[in-house]
Amino acid sequence: MSTINFSQFPPASQTVLWQGSPSDFASMATGGRIQTAGYVLTEDALRFASGVLSTREEQVPLWAVLDADIQQSLAQKTRGVADLRLTLNQQNPLGLTNVVLKSIKEAKSVRDLILQQANAVRMHWMTFNQQQAAYVAAAGASQIVVGPGSASTPAPTAQPVAGGGDITAQLAKLGEMKESGLLTDAEFTAAKAKALGL
Numbered sequence: 466m467s468t469i470n471f472s473q474f475p476p477a478s479q480t481v482l483w484q485g486s487p488s489d490f491a492s493m494a495t496g497g498r499i500q501t502a503g504y505v506l507t508e509d510a511l512r513f514a515s516g517v518l519s520t521r522e523e524q525v526p527l528w529a530v531l532d533a534d535i536q537q538s539l540a541q542k543t544r545g546v547a548d549l550r551l552t553l554n555q556q557n558p559l560g561l562t563n564v565v566l567k568s569i570k571e572a573k574s575v576r577d578l579i580l581q582q583a584n585a586v587r588m589h590w591m592t593f594n595q596q597q598a599a600y601v602a603a604a605g606a607s608q609i610v611v612g613p614g615s616a617s618t619p620a621p622t623a624q625p626v627a628g629g630g631d632i633t634a635q636l637a638k639l640g641e642m643k644e645s646g647l648l649t650d651a652e653f654t655a656a657k658a659k660a661l662g663l
């Protein structure tokens, strides 16, 4: 199986699956009025904000999350919280190898939810990529656009099929792909010429 460049699939979901903030000493001392960070898990990303006076927001696409480990100090154990350390794929847009969600409640449940959703997101894009590559190969095109705003990725090419009906069907598929934005004008012209044996 070929390696997929997951970075071409930017997060887009606004559906919130979990949100939380650190139960650290600053939060405890102020009764939760001062938060040093906040975390939001959507269907395809983990968004986090940090800072008290000014806020910096970042997001990690879930396809970049490879593993998650719970780390808990004795002080955290008495408060019922733990750190959740996420190991990230090197393709992640932040260029980080890991991210730590500090002093969160129910860390095991959050870990399981993040890993389950990360696996689902990766599987979704792998399946999408395979389906699109197969579709383009069947139509005889040489390239495919596999995600919103993405660059073209090579796909296997199919040989033109002899017989007028098959070529007509091939040309119809190519036209549909051009209309839907999967093929550029140049790619459509090249695939059309190949299908016609020109």
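Start counting the sequence shown at 466; every next residue gets the next number (my numbering).
Every residue gets a Cβ at the ideal spot worked out from N, C-alpha and C, and that includes glycine.
Measuring alpha carbon to alpha carbon, tell me which residue in the options is nearest residue i.
| i | options | result |
| --- | --- | --- |
| residue 545 | 536, 552 and 553 | 536 |
| residue 547 | 477, 486, 634 and 557 | 486 |
| residue 665 | 585, 660, 602 and 658 | As shown, the chain starts at 466 and ends at 663. That puts residue 665 outside it, with no answer to give. |
| residue 479 | 503, 511, 657 and 473 | 511 |
Please classify residue i as buried or exposed, where buried requires at least 16 other C-beta atoms within 10 Å of its C-beta.
| i | result |
| --- | --- |
| residue 540 | exposed |
| residue 642 | buried |
Quick check: the Cα distance between residue i and residue j, rounded to an integer number of angstroms?
| i | j | result |
| --- | --- | --- |
| residue 571 | residue 640 | 52 angstroms |
| residue 477 | residue 507 | 9 angstroms |
| residue 564 | residue 513 | 10 angstroms |
| residue 521 | residue 566 | 15 angstroms |
| residue 470 | residue 542 | 39 angstroms |
| residue 589 | residue 568 | 31 angstroms |
Would the beta-carbon of residue i fall within 8 angstroms of that of residue j?
| i | j | result |
| --- | --- | --- |
| residue 456 | residue 551 | With the chain running from 466 to 663 in the structure shown, residue 456 is simply not present. |
| residue 549 | residue 583 | no |
| residue 598 | residue 636 | no |
| residue 586 | residue 509 | yes |
Span of the beta strand (DSSP E) holding residue i?
| i | result |
| --- | --- |
| residue 513 | 510 to 515 |
| residue 547 | 546 to 553 |
| residue 533 | 530 to 536 |
Check the Cβ-Cβ distances between residue i and every residue of chain B, and say whether any is below 8 angstroms.
| i | result |
| --- | --- |
| residue 562 | You won't find chain B in this structure, because it holds only one protein chain. |
Along the chain, where does the alpha helix (DSSP H) that runs through residue i open and close?
| i | result |
| --- | --- |
| residue 654 | 650 to 660 |
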